[in-house]
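In this note's numbering, the protein residues as written are 34 to 459.
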Amino acid sequence: MRLVHFQRGSVIYFDKSREDVVFILQRGKVVITRQGINKNDQEAEELVPGNIFGIQGAFASCERGETATAQIDCDVLCLTSNEFLARFGNNRELMFSILRYFSFKLRNANRKIERLLKNGQRGTHHDEIITVVESFFKERKWLICYELCCRYENMDIKTNSRRRLAALKAESQKRLQSETQSSEEILAEDEAMYSEFPKSALVRKSIPGFERFSRKYKRGQVIIAEFEPGMTFYFIQSGIVQLTMCAHSSDINVDFLTPGELFGEMAILDNSPRSATCIARTDVEVLEFTKENFAQIVGQNPAIIHSLLRIFCKRLYNQRKRFKVVSKTEPISRIASVFLMYDEMRPSKFPNERRRTFSLTISDISRWTGLSLFDAYWNLSLMVDEMDIYVTKTRITIDIFQMRQAIRTEELKYKQKTQNQLFGGA
Numbered sequence: 034m035r036l037v038h039f040q041r042g043s044v045i046y047f048d049k050s051r052e053d054v055v056f057i058l059q060r061g062k063v064v065i066t067r068q069g070i071n072k073n074d075q076e077a078e079e080l081v082p083g084n085i086f087g088i089q090g091a092f093a094s095c096e097r098g099e100t101a102t103a104q105i106d107c108d109v110l111c112l113t114s115n116e117f118l119a120r121f122g123n124n125r126e127l128m129f130s131i132l133r134y135f136s137f138k139l140r141n142a143n144r145k146i147e148r149l150l151k152n153g154q155r156g157t158h159h160d161e162i163i164t165v166v167e168s169f170f171k172e173r174k175w176l177i178c179y180e181l182c183c184r185y186e187n188m189d190i191k192t193n194s195r196r197r198l199a200a201l202k203a204e205s206q207k208r209l210q211s212e213t214q215s216s217e218e219i220l221a222e223d224e225a226m227y228s229e230f231p232k233s234a235l236v237r238k239s240i241p242g243f244e245r246f247s248r249k250y251k252r253g254q255v256i257i258a259e260f261e262p263g264m265t266f267y268f269i270q271s272g273i274v275q276l277t278m279c280a281h282s283s284d285i286n287v288d289f290l291t292p293g294e295l296f297g298e299m300a301i302l303d304n305s306p307r308s309a310t311c312i313a314r315t316d317v318e319v320l321e322f323t324k325e326n327f328a329q330i331v332g333q334n335p336a337i338i339h340s341l342l343r344i345f346c347k348r349l350y351n352q353r354k355r356f357k358v359v360s361k362t363e364p365i366s367r368i369a370s371v372f373l374m375y376d377e378m379r380p381s382k383f384p385n386e387r388r389r390t391f392s393l394t395i396s397d398i399s400r401w402t403g404l405s406l407f408d409a410y411w412n413l414s415l416m417v418d419e420m421d422i423y424v425t426k427t428r429i430t431i432d433i434f435q436m437r438q439a440i441r442t443e444e445l446k447y448k449q450k451t452q453n454q455l456f457g458g459a
C-alpha cells in the first residue's frame, strides 16, 4: 500500500494494461475514459476524492477496459486486491455498496446486449416469458422447457399467455417421455463441456458449516428461471452451471460457472426479477441461501465477498467481449469474433499458434452470436467453403489469422455497402 502523487495530465493506468492494483482518490480529480460501441465514441466519468477505481481489472485479473488520467494534481492510494480486502473487507456497508454498484453495471451490460439483439424492440412481460419457453422448445430442450412452464404457471400472467404456457408444458412433457438422448450423445457433450475448463476449476468447493443448505440438480434441470422473483442465491460446490438469457427469440449464452462461484445474487442485491435462466449443464451440487440470510452469510465470510467481487468483475469483462461480438453487423463477422473471443479467453500454450480447436457446436455458435440456428449453420457453411475450418459434432478447428482477416473483410464490405446506399440515395 502506498500513496502516489500524479501531476495533472498523468496517466494512472492505460486501457488494456494488467496489474493487481486498486486505487482510492485522496485529493484532486481523475477522469475515466472508455471506448464506446463505435471506435470514434468515448465515454467519460469524473471521479472525486473518496472514489474507488480500478477494482474490475484487479479482481478479475484481466485487461483494464478504461484509461484513468489525473485531471488536476492528484494523490492516490494504491493497494493490491488483498490489501484492499484486508483494510476494507469488514466494512459491510462499503462492501455492499460496491457489490450493488457492480450488480447495476452488469445488469445494464445485459440489457445493452438484449437491446442490440432485439433492435430496441421489447414485448410485454407476458410475451417475454412465453418467448423464453419457446426458445428452448425450438431447440428441443424438453426438460428445460417443461420445468420453465412449471415455474411460470405459478406467476401472475394473462389468460392467453397462460393457455399458451399450458400447451407448451403438455407438449414438452409428451416429448420428454417419448424422446430420449442417447448415452453416446450425452458422453460426447459432457466430454466437450469438461474440456473447456482446466481441472483446477472443477475441483469440489465448500463453505464449512453450511452443509444443511446443500441442494442437488440433475443434468438439464432449471435452477433459476428468467423473470421469476429473486428469493435465493447459490454457491456451486460441484458441476457446471450455464447462464442464458433470451433475445431475438433464442437463448444466448451469458456465462458458464464452475465450483466456488456464486449466482443468483444480482436479484438479491437490487430487488429485481431474475435476469437470466440458470441450468445445470452437468450434475450439480449447490448451497442454496435465502434473501433473508444473504447479508449475514456474506458479512461473516470475507472470502465470499472476495469471490463475489471477482465474479462480478469477470462477468463484466466477459460481457464486454460479448458486446463486441453481437455489435458486429455481419453474421460471418460475429461468428469469427466468437472464435477470437474463445482464443483470448482460452489462450494457447504456444505463442502465435494459428490452428486452434474449440469445444463448440453450431448450437453454441447460435447462442453466442444471437443468430438463429439456421443462420449460424448457413454462414458457418460459407466460411467452411472459403477457409481452413474443420467442423465435427462437438468441436470446431479454425485458423486464428483467417478469423481476423474475415472480420476485416466483412467490415470493409459493410462499409462499402453503406456508402453505396448513401450514394444511391443521394
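Even glycine gets a Cβ: it sits at the ideal position worked out from N, Cα and C.
Can you tell me the Cα-Cα spacing of residue i and residue j, whole angstroms?
| i | j | result |
| --- | --- | --- |
| Asp397 | Glu172 | 11 angstroms |
| Gly87 | Gly42 | 18 angstroms |
| Leu127 | Asn412 | 48 angstroms |
| Ile85 | Thr66 | 15 angstroms |
| Ala258 | Asp160 | 15 angstroms |
| Glu443 | Leu112 | 43 angstroms |
| Val424 | Thr430 | 6 angstroms |
| Gln452 | Ser360 | 19 angstroms |
| Leu290 | Asn304 | 22 angstroms |
| Gln329 | Ile301 | 13 angstroms |
| Lys357 | Ser370 | 8 angstroms |
| Arg208 | Cys182 | 14 angstroms |
| Leu320 | Ala309 | 19 angstroms |
| Lys194 | Leu276 | Going by the sequence as given, residue 194 is Ser instead of Lys. Going from the Cα of Ser194 to the Cα of Leu276 covers about 24 angstroms. |
| Lys62 | Arg197 | 56 angstroms |
| Gly297 | Cys279 | 17 angstroms |
| Glu116 | Lys448 | 48 angstroms |
| Gly263 | Asn286 | 20 angstroms |
| Arg353 | Glu76 | 14 angstroms |
| Phe169 | Ile177 | 7 angstroms |
| Ala439 | Arg400 | 20 angstroms |
| Ile337 | Gly293 | 9 angstroms |
| Gln435 | Asp189 | 50 angstroms |
| Lys174 | Gln210 | 12 angstroms |
| Arg388 | Arg379 | 13 angstroms |
| Glu52 | Asn124 | 24 angstroms |
What residue does the beta strand (DSSP E) around residue i start on, and which one ends it?
| i | result |
| --- | --- |
| Phe92 | Note, Phe92: premise wrong, no beta strand (DSSP E); alpha helix (DSSP H) at 88–93. |
| Ile105 | Per DSSP, Ile105 belongs to no beta strand (DSSP E) and is neither H nor E. |
| Arg67 | 63–68 |
| Glu79 | 75–80 |
| Ile429 | 429–432 |
Secondary structure at residue i, three-state DSSP: helix, strand or coil?
| i | result |
| --- | --- |
| Thr310 | strand |
| Met278 | strand |
| Asn304 | coil |
| Ile257 | strand |
| Leu393 | coil |
| Lys49 | coil |
| Arg35 | strand |
| Arg248 | strand |
| Phe383 | coil |
| Thr291 | coil |
| Phe296 | strand |
| Arg388 | strand |
| Phe170 | helix |
| Thr425 | coil |
| Asn141 | helix |
| Asn453 | helix |
| Glu444 | helix |
| Glu212 | coil |
| Arg133 | helix |
| Asn334 | coil |
| Asn351 | helix |
| Phe230 | coil |
For a cutoff of 8 angstroms on Cβ pairs, would you count residue i as touching chain D?
| i | result |
| --- | --- |
| Ala234 | Going by chain labels, chain D is absent from the structure shown, which holds only one protein chain. |
Span of the alpha helix (DSSP H) holding residue i?
| i | result |
| --- | --- |
| Ser239 | It is not in any alpha helix (DSSP H) - Ser239 carries neither H nor E in the DSSP assignment. |
| Glu419 | 406–419 |
| Asp189 | First-last for Asp189: undefined, no H or E at that position. |
| Phe372 | 364–378 |
| Arg184 | 175–185 |
When DSSP builds the beta bridges, which residues end up paired with residue i?
| i | result |
| --- | --- |
| Ser271 | Glu318 |
| Asn286 | Thr277 |
| Val55 | Leu112 |
| Val359 | Beta-bridge pairing links Val359 to no other residue. |
| Ile85 | Ile57 |
| Val44 | Thr102 |
| Phe266 | Phe322 |
Less than 7 angstroms separating the Cβ of residue i from some heavy atom of the ligand FMN?
| i | result |
| --- | --- |
| Pro384 | You won't find the ligand FMN in this model; it holds no ligand whatsoever. |
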